[in-house]
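Novice:
4 protein chains.
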Amino acid sequence: HDSPATEPAGKDPSAIALHSALPRFLRWPQPPRTVLIINKPHDEPTRVAFLEVTSWLRQSHPSITIIVEPATAAEAGSEMLDLVVADNSEDLTRVVDFVITLGGDGTILHTSSLFPTRVPPIISFSLGTLGFLIPFGIGDFRTALQNLIAGPAVPLLHRTRLTCAFFRANGLRIVTDGLDTDLQAMNDIVLHRGRHPHLTITECSVDGEFLTGGIADGLIVSTPTGSTAYSLSAGGPLVHPAVSSLILTPICPRSLSFRPALLPPTSTIRLRLSRASRVQADVSVDGRDVHLLGREEYVEVRASRWGIPCVAKGDGGRDWVGGINRTLKWNQSFVNTFKEP
Amino acid sequence: HDSPATEPAGKDPSAIALHSALPRFLRWPQPPRTVLIINKPHDEPTRVAFLEVTSWLRQSHPSITIIVEPATAAEAGSEMLDLVVADNSEDLTRVVDFVITLGGDGTILHTSSLFPTRVPPIISFSLGTLGFLIPFGIGDFRTALQNLIAGPAVPLLHRTRLTCAFFRANGLRIVTDGLDTDLQAMNDIVLHRGRHPHLTITECSVDGEFLTGGIADGLIVSTPTGSTAYSLSAGGPLVHPAVSSLILTPICPRSLSFRPALLPPTSTIRLRLSRASRVQADVSVDGRDVHLLGREEYVEVRASRWGIPCVAKGDGGRDWVGGINRTLKWNQSFVNTFKEP
Amino acid sequence: HDSPATEPAGKDPSAIALHSALPRFLRWPQPPRTVLIINKPHDEPTRVAFLEVTSWLRQSHPSITIIVEPATAAEAGSEMLDLVVADNSEDLTRVVDFVITLGGDGTILHTSSLFPTRVPPIISFSLGTLGFLIPFGIGDFRTALQNLIAGPAVPLLHRTRLTCAFFRANGLRIVTDGLDTDLQAMNDIVLHRGRHPHLTITECSVDGEFLTGGIADGLIVSTPTGSTAYSLSAGGPLVHPAVSSLILTPICPRSLSFRPALLPPTSTIRLRLSRASRVQADVSVDGRDVHLLGREEYVEVRASRWGIPCVAKGDGGRDWVGGINRTLKWNQSFVNTFKEP
Amino acid sequence: HDSPATEPAGKDPSAIALHSALPRFLRWPQPPRTVLIINKPHDEPTRVAFLEVTSWLRQSHPSITIIVEPATAAEAGSEMLDLVVADNSEDLTRVVDFVITLGGDGTILHTSSLFPTRVPPIISFSLGTLGFLIPFGIGDFRTALQNLIAGPAVPLLHRTRLTCAFFRANGLRIVTDGLDTDLQAMNDIVLHRGRHPHLTITECSVDGEFLTGGIADGLIVSTPTGSTAYSLSAGGPLVHPAVSSLILTPICPRSLSFRPALLPPTSTIRLRLSRASRVQADVSVDGRDVHLLGREEYVEVRASRWGIPCVAKGDGGRDWVGGINRTLKWNQSFVNTFKEP
Ligand SMILES: NC(=O)C1=CN([C@@H]2O[C@H](COP(=O)(O)OP(=O)(O)OC[C@H]3O[C@@H](n4cnc5c(N)ncnc54)[C@H](O)[C@@H]3O)[C@@H](O)[C@H]2O)C=CC1
Ligand SMILES: NC(=O)C1=CN([C@@H]2O[C@H](COP(=O)(O)OP(=O)(O)OC[C@H]3O[C@@H](n4cnc5c(N)ncnc54)[C@H](O)[C@@H]3O)[C@@H](O)[C@H]2O)C=CC1
Ligand SMILES: NC(=O)C1=CN([C@@H]2O[C@H](COP(=O)(O)OP(=O)(O)OC[C@H]3O[C@@H](n4cnc5c(N)ncnc54)[C@H](O)[C@@H]3O)[C@@H](O)[C@H]2O)C=CC1
Ligand SMILES: NC(=O)C1=CN([C@@H]2O[C@H](COP(=O)(O)OP(=O)(O)OC[C@H]3O[C@@H](n4cnc5c(N)ncnc54)[C@H](O)[C@@H]3O)[C@@H](O)[C@H]2O)C=CC1
């Protein structure tokens, strides 16, 4: 359980995942025994891929227990495959050795939401259109899984997460359904006017000091991972996942000079909806609306101590270079003159 | 002396100043004995300030030796003040306990250039218009210097630097006047078309892997400190000095999609002037032209192991917030509706 | 009544207000007899100003009939002042000689919405914080109104408007409450995801030709007047009101290369919500939500033949320069070095 | 001859090419008798194309006189082909009925520079990589030229130009080699620090009124045609050639809020190098350096009365849509989800 947000964990250096201190390779102390498979729902190619992956696992690694979400079990026909259906009361962190995701970027974001504390290693396979967070194509699943389960050491990319908590004007923590523990964000925490036609007015402070006032559609606090999500669309820079930082990016601000800013990973950012704001504001975590912030209420965001170890293709986050060039089409030259040597 | 650039020091984690590992406060093991004072030249208010600072030092701390550059000595009338004139053959790092700068941002950049390896703590005073890198106004010099010399502990802000080296097409290091040791940059290393009317074409790679091709006026590799210098003008984000990273920002690229990118502090960035480039390119370090890069020649940039300990006003780089708001006028709202609480 | 949108009026050059052809000065053929006064509602300073303006009009120009909206009448106490209350069935265009607005930018936008066809000259007074569209402060109302009513010739700034119409997938015009005539926009027509967490997917075509596909929070089609409203927040350029054009600006696009574009004033822009879009999209006109666009439905936007003649302070749109510098704080230098000559 | 710049021609509406007033189709009153062919020099494919075009012209239209520049004649072997070599003293405007360009965008820019006043229709063919200003590929030259010479009516796209003149601090016109007549720019007039490491400081005024102060690498005044040249690289919007306007775009300004601005086509823009500027500034016209501006000297820029009639493929500037999508890769979506209907 996290320390209370009012005593900013940002000040505790141990709470910040120091990239240099995290293992760059995954080595199992003992063979993995349980896998959680997460599927994009209602998608026929994903269902087919799921069946192929599970049969291969059954045959190649019969001792490994396969856990799935209820929806996946229902779609697949669970009896036949001897799947264990995850139940909400269970602490997945305790029982799952690694996670396989099948689908797009949303599938990993969903997986992140299932682990409020420590996250087991995740290996992700894309189906169809390439996801930015997904290094492996489904065609390679046999080699990739075999390497992960039995290979000597697969490279890991640690993705930091954000954690957030909500407070009333009087400083009391807001505890509602789903908000009683700190929420974890892999991409971003976004405050947005949503359906309201009018601008939000937000007071933004860092480590208790006033930073700036935002009159805008909204504000994004993003991880380096999320730098290529909403923040990018709003004009933010590309940030390599190994650059420890919190990215503050405004969404359509009423200002000519609200350039995106990168803050230290130890910062606690507070976004307080101003008394002068005509409207309430939606707060979303990785794209899911979680709270409607009232005037003078605030949300506190800081780096989480629980990052996500993602199985990578290349060492040192090299997949990222491929991703920004191929998926995001970074720096496409106008004319055909530039040839890579 | 630095390790050869062909064996990228970036891979050696000890070469990267880990912010968390550096002392946040300056505590003298024994009283400082030698100060270097650096002046903005040909500026009457600076000359006057210099005389005030030196007389105060003479009276309050008579045992401290004062070193100055020849130009400063000449302007001031050195005999009278018992100043020691620095001579080029001397290793300033060995003899100087701390540095005082009087002037604008350029004065600190110049000071950085005097220390190719370890840099002593620097305290900077602005004269007239506020410099972004300068937390103290000249009016406060007595208190600030007294605190620094005799106070229990003053806060430090560690600013990382970049180091660069030049190579011929065949990989041989270019050793010319002033280029025989790795150069140190506090702000940035800039490749630019300069006087040439035509675009430069540059191949940019990271840790030996091709990253992107730049057809542009130029490319900037910047420190977080330099993020508010040329990189900002070219569209880059604001980066807090405690965010360890290298910032790659294009200058007027022939591309709609060349968004600035933040790379890990362990990266070695190579900028190679393409064979297809019609023109040579100026390379400058902190605004000083240091080399005219020919076709197929390249410059290699990485984080230096020698950062700069700057005496700060507030702890944890808080001066930065004031600087971006007051000096850079960050996020100025259009209308008068936003009031700080 | 406008020509049907399916036969794009853009092709008819007479439909486009040619700035050069419009009168640059207002000269009354005969003294104005009727004024419409529009108030920002529920605002005490505005109510007070309204009373001052009406009493001055009563005394100085007793023959002028004063029309107001019902809400204004109610707030003011209409009997006493001998106000005529506008009723919805009336064609204001026919009876009103000029309009006075008291309030912020929103008040002029509201006024525009009251005139679906020809708009009489509008003179606008700001109360409190400066509005960008408002050249006059309330303090100057006597001189300004006297000049307008009796002076030889006051300068006019013609602001173009947009007109839009909605269509089903099958091309049938959508006729619903308030949508049976073409709507007029002074600022912009905005398609936005609104409350939906997911991106909108829009096909954008010009004069029947496919232009581009937008995957984004939304898209803005703006007038030059609206260039300083939402479009500016979304990254668009400043466009002087005398530059005849339609501005297309994306809101947070999933693309690195969706630069704002200026299209000819003769263009008809069609925004069609793609079949692939997961969500419906809100369409708003000058900030008022007017329609929820379903998949494959579209909105057609073009320059209106009915612009707005705004009473200006300086000739030739000079107020604009003051507005962008003072209200929008355009191009604020970092340092104090730049002094206007 | 142009009116003196001190009496801004911008005020004379007749000096502004009104797009709506210009012919949209080219119809010869009598068959064209003289063609000027402009080649990209020192390029073998262009030389070959030139020979093909001239032989075809000789055979299909033997009565047409072919004029070339001396360099082209030398490369081609002029005797054999019976080419007329242009000589500098001649007024090309008087003798040339139309122009063919073979090469890239630079070839059209060069052609523009040959016509200080009225420009004959230009048809442009690209060789190899597509130029943005060039609608025709060399493969289609026979059909395209036949249509142009004998066809009933080919569509024209009128591209406006800028004109500029230089002045000393005292207001006297600077008359030097090549500067004695107003220069014409098809793309842009650029003020830039060039080789100087320091920023330029410029006072920018419009129609005699102070507009803003630029502390920057430079400033661009661009035509809509030039909006896709340097201005685009510097962050400016895409402007359709039919949008009459002057675009002001800063190059790397020391300001967070210097958004590009579009000014009316009637504006006279004055860029004056400030007394406070530490350096002189290069002024270039369409990429050619033409003057080194001293402190307090200024350049005055306004729309030229002499635009360029370019033979277009589609009517109404439709080629532009193709160009921004294909050549400039405008709005490339990240993922493969968007399919044109
Ligand atoms: N205008 C925009 O760009 C908006 C973006 N979002 C982003 O969507 C995220 C939620 O994603 P989904 O559940 O998949 O929603 P979604 O289905 O609406 O898709 C958002 C898009 O972003 C991509 N994406 C997600 N995370 C990414 C990352 N880290 N890097 C690069 N691309 C990424 C997805 O592949 C998808 O194409 C939020 O965390 C937020 O960052 C949410 C709303 C608007
Ligand atoms: N268009 C631009 O913005 C250009 C910027 N530069 C920058 O100038 C630097 C050299 O500075 P000077 O020797 O003083 O040259 P300079 O006298 O030409 O001044 C450059 C300006 O940048 C400011 N500056 C310098 N470092 C800064 C920082 N880290 N953060 C915020 N502002 C800063 C200075 O106070 C000064 O106003 C280079 O390192 C480069 O980054 C150089 C050329 C063009
Ligand atoms: N993120 C943003 O910037 C958003 C902007 N808007 C804009 O708000 C407009 C509606 O305005 P209100 O009814 O007053 O809504 P509002 O009360 O929400 O205010 C919008 C702000 O924009 C200003 N504004 C309006 N038109 C302007 C113009 N042409 N130039 C400069 N500033 C202008 C107003 O003074 C006000 O400060 C819409 O047409 C849309 O352009 C609407 C939603 C979001
Ligand atoms: N960083 C940059 O983007 C720079 C751009 N330029 C531009 O180059 C122009 C001169 O062109 P060249 O003589 O060909 O020089 P150049 O050979 O250096 O090429 C400039 C590039 O811009 C392209 N270009 C030229 N005009 C264009 C237009 N109107 N729209 C789209 N692309 C265009 C050319 O095809 C070429 O790829 C200048 O007018 C200036 O606008 C000049 C210097 C730097």
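Residue numbers (my numbering), protein chains in the order written: chain A, 10 to 350; chain B, 10 to 350; chain C, 10 to 350; chain D, 10 to 350. Note that beta-carbon positions come from the ideal geometry of N, C-alpha and C, so glycine has one too. Owing to the predicted nature of the structure, the values given are computational and were not obtained by experimental measurement.
Which partner residues of residue 194 (chain C) appear in the DSSP bridge assignment?
Specialist: Answer by DSSP bridge pairing, in chain order: C:171.
Novice: Pull out every residue of the segment 202 to 220 of chain B whose Cβ sits closer than 7 Å to any Cβ of chain D, in chain order.
Specialist: Here the close residues are 203, 204, 206.
Novice: Strictly below 7 Å CB to CB, what residues from chain D border residue 266 (chain A)?
Specialist: Those within 7 Å of residue 266 (chain A) in chain D are 265, 266.
Novice: Starting from residue 48 (chain D), trace the alpha helix (DSSP H) in both directions and tell me its first and last residue.
Specialist: Run containing residue 48 (chain D): none in the alpha helix (DSSP H); it sits in the beta strand (DSSP E), 43 to 48.
Novice: Just reading off the beta strand (DSSP E) that residue 79 (chain C) is part of, what are its end residues?
Specialist: Note, residue 79 (chain C): premise wrong, no beta strand (DSSP E); alpha helix (DSSP H) at 79 to 85.
Novice: From the DSSP output, read off the bridge partner residues of residue 291 (chain B).
Specialist: In the DSSP output, where bridge partners are listed per residue, residue 291 (chain B) has B:201, B:301.
Novice: So with Cβ pairs under 8 Å, would you call residue 192 (chain D) a contact of chain C?
Specialist: Answer no: the Cβ-Cβ gap between residue 192 (chain D) and chain C never drops below 8 Å.
Novice: Please list the residues of the segment 288 to 317 of chain B that have a C-beta atom closer than 8 Å to any C-beta atom in chain D, keeping them in chain order.
Specialist: If the cut-off is 8 Å between Cβ atoms, the segment 288 to 317 of chain B has 291, 293, 296, 297, 298 near chain D.
Novice: Find the residues of chain B that neighbour residue 269 (chain A), judging by a C-beta separation of less than 8 Å, and give them in chain order.
Specialist: In chain order: 246, 247.
Novice: Start and end of the alpha helix (DSSP H) containing residue 59 (chain D)?
Specialist: Taken as a continuous stretch (DSSP letters only), the alpha helix (DSSP H) holding residue 59 (chain D) covers 53 to 69.
Novice: With a cut-off of 8 Å, does the C-beta of residue 231 (chain B) fall near any C-beta of chain D?
Specialist: Chain D contact via Cβ: absent.
Novice: Please go through the same chain and pick out, in chain order, the residues whose beta-carbon is closer than 8 Å to the beta-carbon of residue 306 (chain D), but skip the five residues on each side of it.
Specialist: Excluding residues within five positions, the ones whose Cβ falls inside 8 Å are 175, 176, 177, 178, 183, 281, 282.
Novice: Examine chain C for any beta-carbon lying closer than 8 Å to the beta-carbon of residue 242 (chain A), and answer yes or no.
Specialist: So yes, residue 242 (chain A) belongs to the interface.
Novice: Note down the Cα distance separating residue 109 (chain C) from residue 77 (chain C), rounded to an integer number of angstroms.
Specialist: Straight-line Cα distance between these residues: approximately 10 Å.
Novice: Mind pulling the chain A residues with CB within less than 7 Å of residue 260 (chain C)?
Specialist: Correct list: 261.
Novice: Which bits of chain B does residue 272 (chain A) rub up against, with CB to CB less than 8 Å?
Specialist: Going along chain B in sequence order, the residues near residue 272 (chain A) (Cβ under 8 Å) are 249, 252.
Novice: Give the single residue among C:248, C:67, C:161, C:220 whose Cα lies nearest to the Cα of residue 277 (chain C).
Specialist: Here the closest residue by C-alpha is C:220.
Novice: Skipping 5 residues on each side, what residues in its chain have a beta carbon closer than 6 Å to that of residue 115 (chain A)?
Specialist: Nothing meets the Cβ criterion.
Novice: May I ask whether a heavy atom of ligand 2 can be found less than 7 Å away from the beta carbon of residue 113 (chain B)?
Specialist: Yes - ligand 2 has a heavy atom lying nearer than 7 Å to the Cβ of residue 113 (chain B).
Novice: Rounded to whole angstroms, what's the CA-CA distance from residue 315 (chain A) to residue 236 (chain A)? Just pull it up for me.
Specialist: Each residue's Cα considered, the two are about 18 Å apart.
Novice: Assuming residue 208 (chain B) and residue 224 (chain B) make a contact with CB atoms under 8 Å, what is their CB distance in whole Å?
Specialist: That pair is a contact at about 5 Å.
Novice: Have a look at residue 340 (chain C) and residue 165 (chain B) and give me their C-alpha separation to the nearest angstrom.
Specialist: Going by the C-alpha atoms only, they are around 33 Å apart.
Novice: Which residue from B:201, B:274, B:71, B:228 puts its Cα closest to that of residue 288 (chain B)?
Specialist: Answer by Cα proximity: B:201.
Novice: Cα separation between residue 50 (chain D) and residue 327 (chain D)?
Specialist: Roughly 30 Å between the two C-alpha positions.
Novice: Can the beta-carbon of residue 153 (chain A) be found closer than 8 Å to that of residue 261 (chain C)?
Specialist: Against a cut-off of 8 Å, the Cβ pair of residue 261 (chain C) and residue 153 (chain A) comes out as no contact.
Novice: Relative to the alpha-carbon of residue 38 (chain B), which residue among B:337, B:302, B:162, B:284 has its alpha-carbon at the smallest distance?
Specialist: Ranking the options by Cα distance to residue 38 (chain B), first place goes to B:162.
Novice: Please return the same chain residues whose Cβ sits closer than 8 Å to the Cβ of residue 196 (chain B), not counting the five positions on each side in sequence.
Specialist: Within the same chain, residue 196 (chain B) has close Cβ partners 118, 231, 232, 234, 235, 238, 239, 295, 296.
Novice: Would you call the segment 90 to 108 of chain B in contact with the segment 134 to 149 of chain B, where contact means no fewer than 3 C-beta pairs closer than 8 Å?
Specialist: Touching, no.
Novice: If I'm right that residue 31 (chain B) touches residue 268 (chain C) with Cβ under 8 Å, what's the distance once you round it to whole angstroms?
Specialist: In fact, because the Cβ distance is near 42 Å, the residues do not count as touching under 8 Å.
Novice: So, are the CB atoms of residue 73 (chain D) and residue 41 (chain D) less than 8 Å apart?
Specialist: Yes, the pair counts as a contact, with Cβ atoms nearer than the cut-off.
Novice: For residue 279 (chain C), report the span of its beta strand (DSSP E) as first-last.
Specialist: 277 to 282 is the span of the beta strand (DSSP E), which, as asked, contains residue 279 (chain C).
Novice: Under 6 Å Cβ to Cβ from residue 47 (chain A), same chain only, skipping five residues before and after it: list those, please.
Specialist: Excluding positions up to five away in sequence, the list reads 110, 116, 120.
Novice: Is there a Cβ from chain C that is less than 8 Å from the Cβ of residue 329 (chain A)?
Specialist: No, its Cβ sits nowhere closer than 8 Å to a Cβ of chain C.
Novice: Which stretch, first to last residue, makes up the beta strand (DSSP E) that contains residue 252 (chain B)?
Specialist: Segment: none, residue 252 (chain B) is in no beta strand (DSSP E) and carries neither H nor E.
Novice: Who does residue 105 (chain D) pair with in a DSSP beta bridge?
Specialist: DSSP output for residue 105 (chain D) lists no bridge partner at all.
Novice: Would you kindly work out how many angstroms separate the C-alpha atoms of residue 284 (chain B) and residue 216 (chain B), rounded to a whole number?
Specialist: Approximately 21 Å, taken between the alpha carbons.
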